[in-house]
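Here the sequence shown is numbered in our numbering, starting from 62 and rising by one per residue. The C-beta atom is built at its ideal place from N, Cα and C for all residues, glycine as well. Here the structure comes first, spelled out in structure tokens, and everything after it is commentary.
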Amino acid sequence: MSLLSNQIEAVLFVSGKAVEEKFLKEKLNATDKQFTEAVSELLAKFNGDSGINLLRFNKKLQFATNPTYVKEVEAVLNPIKEKELTNAMLETLAIIAYKQPVTRIEIEEIRSVDCTYSVQNLMRLGLIECVGRKETIGKPLLFATTDDFLKRFSISDVSDLPDYETLLDKLQQITSTVSVEVVEKPMFDNVEEVPDFLVGEDVKKVD
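Now the structure itself:
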């Protein structure tokens with residue numbers, strides 16, 4: 062392992078969150094070639110059966126627990142489990158990933174059911190976020206995926222998304238679904254309602 066690799070490893074370990082590659086290169090005075098080689102070394106080291114994996118997404122780096130050992134980690138640390146995703150939420154998430162930024166009404170036109178429940182819960186899980194309002198009648202909210210979405214499903218960048226069916230299959234394989242399927246209501250209006258947890262938020266407009 063090179064000195065630069067060790068330095069990056071130390072920074073990521075202490076940070077505990079995603080760090081931009083550009084910022085690392087600048088602060089560590091590394092050239093593009095040096096940085097690429099150092100990251101390649103780290104990816105080789107923190108891969109496979111290693112308890113820690115190096116995630117590379119959206120031009121950022123972050124250490125994360127190897128998903129292979131999730132059950133063992135839970136058994137020892139007993140963390141609060143994340144709410145499971147239903148098939149309806151997975152379908153909504155896949156649509157947002159491909160159509161982003163997209164409004165709830167546009168999602169419902171594709172799925173033909175009311176998606177308020179799915180959208181609100183995906184936001185609470187941090188997988189999507191409100192990125193503005195569409196300049197149309199009613200100025201409906203626009204939604205897009207977050208960095209947490211990229212990290213959870215091991216996607217480097219939205220430009221790397223596979224075709225829709227492959228993505229949906231990947232999402233279903235990685236996450237478990239609830240045993241009781243949630244039935245969403247049919248579309249009944251075209252009024253964009255602001256979720257309770259967004260009331261009062263200063264949402265920027267998107268041109």
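Let me make sure I understand the geometry here. Which of VAL75, VAL72, THR206 has the alpha-carbon closest to that of LEU183?
Here residue 183 is taken as the residue at index 122 of the sequence shown, counted from 1. With distances taken between Cα atoms, LEU183 lies closest to THR206.
Counterpart residues of THR206 in DSSP-defined beta bridges
Counting from 1 along the sequence shown, the entry for residue 206 is found at position 145. In DSSP, THR206 forms a bridge with ILE189.
Closest Cα partner of GLY187 within the set ASN127, ALA105, SER215, ASP208
By 1-based counting over the sequence shown, the position of residue 187 is 126. Ranking ASN127, ALA105, SER215, ASP208 by Cα distance to GLY187 puts ASP208 first.
From PHE214 to VAL192, what distance separates their C-alpha atoms?
One-based indexing of the sequence shown puts residue 214 at position 153. One-based indexing of the sequence shown puts residue 192 at position 131. Approximately 21 Å between the Cα atoms of the pair.
Could you check which residue in GLY109, LYS121, PRO128 has the C-alpha nearest to that of LYS83?
Translated into the one-based positions of the sequence shown, residue 83 becomes position 22. Closest by alpha carbon: LYS121.
Kindly indicate which three-state DSSP category LEU122 falls into: helix, strand or coil?
Taking the sequence shown and counting its residues from 1, the one referred to as residue 122 is at position 61. DSSP places LEU122 in strand when its eight states are reduced to three.
Which same chain residues end up closer than 8 Å to PRO201 when comparing Cβ atoms and leaving out the 5 residues on each side of it in sequence?
As a position in the sequence shown, residue 201 is number 140, starting the count at 1. Hits under 8 Å: THR164, ARG165, ILE166, ARG194, LYS195, GLU253.
With a Cβ-Cβ cutoff of 8 Å, do VAL80 and LEU89 count as a contact?
The residue labelled residue 80 in the question sits at position 19 within the sequence shown. The residue labelled residue 89 in the question sits at position 28 within the sequence shown. Cβ distance not < 8 Å, so VAL80 and LEU89 don't count as in contact.
Under three-state DSSP, which class holds THR164?
Here residue 164 is taken as the residue at index 103 of the sequence shown, counted from 1. THR164: strand per DSSP, three-state reduction.
When DSSP builds the beta bridges, which residues end up paired with ARG117?
As a working note, residue 117 is residue 56 in the sequence shown. Answer is LEU122.
Look at the Cβ atom of PHE118, then the Cβ atom of ILE216, and state whether they are nearer than 8 Å.
The sequence position of residue 118 within the sequence shown is 57, counting from 1. The sequence position of residue 216 within the sequence shown is 155, counting from 1. With contacts defined as CB atoms closer than 8 Å, PHE118 and ILE216 qualify as a contacting pair.
Can you tell me whether VAL100 is buried or exposed? The criterion is at least 16 other CB atoms within 10 Å of its CB, across all chains shown.
Here residue 100 corresponds to residue number 39 of the sequence shown, with the count starting at 1. With 16 or more other Cβ atoms within 10 Å, it is buried.
One or two residues paired with GLU196 in a DSSP bridge:
By one-based count along the sequence shown, residue 196 stands at place 135. In DSSP, GLU196 forms no bridge with anything.
Would you identify the three-state DSSP class for VAL75, choosing helix, strand or coil?
Here residue 75 is taken as the residue at index 14 of the sequence shown, counted from 1. Helix, per DSSP.
If distances are taken between C-alpha atoms only, which option among VAL134, THR97, LYS94, GLU98 comes closest to ILE113?
Taking the sequence shown and counting its residues from 1, the one referred to as residue 113 is at position 52. Per the Cα distances, VAL134.
For a minimum of 4 consecutive residues, which ranges assigned as the alpha helix (DSSP H) are wholly contained in the stretch 78-110?
82-88, 93-106
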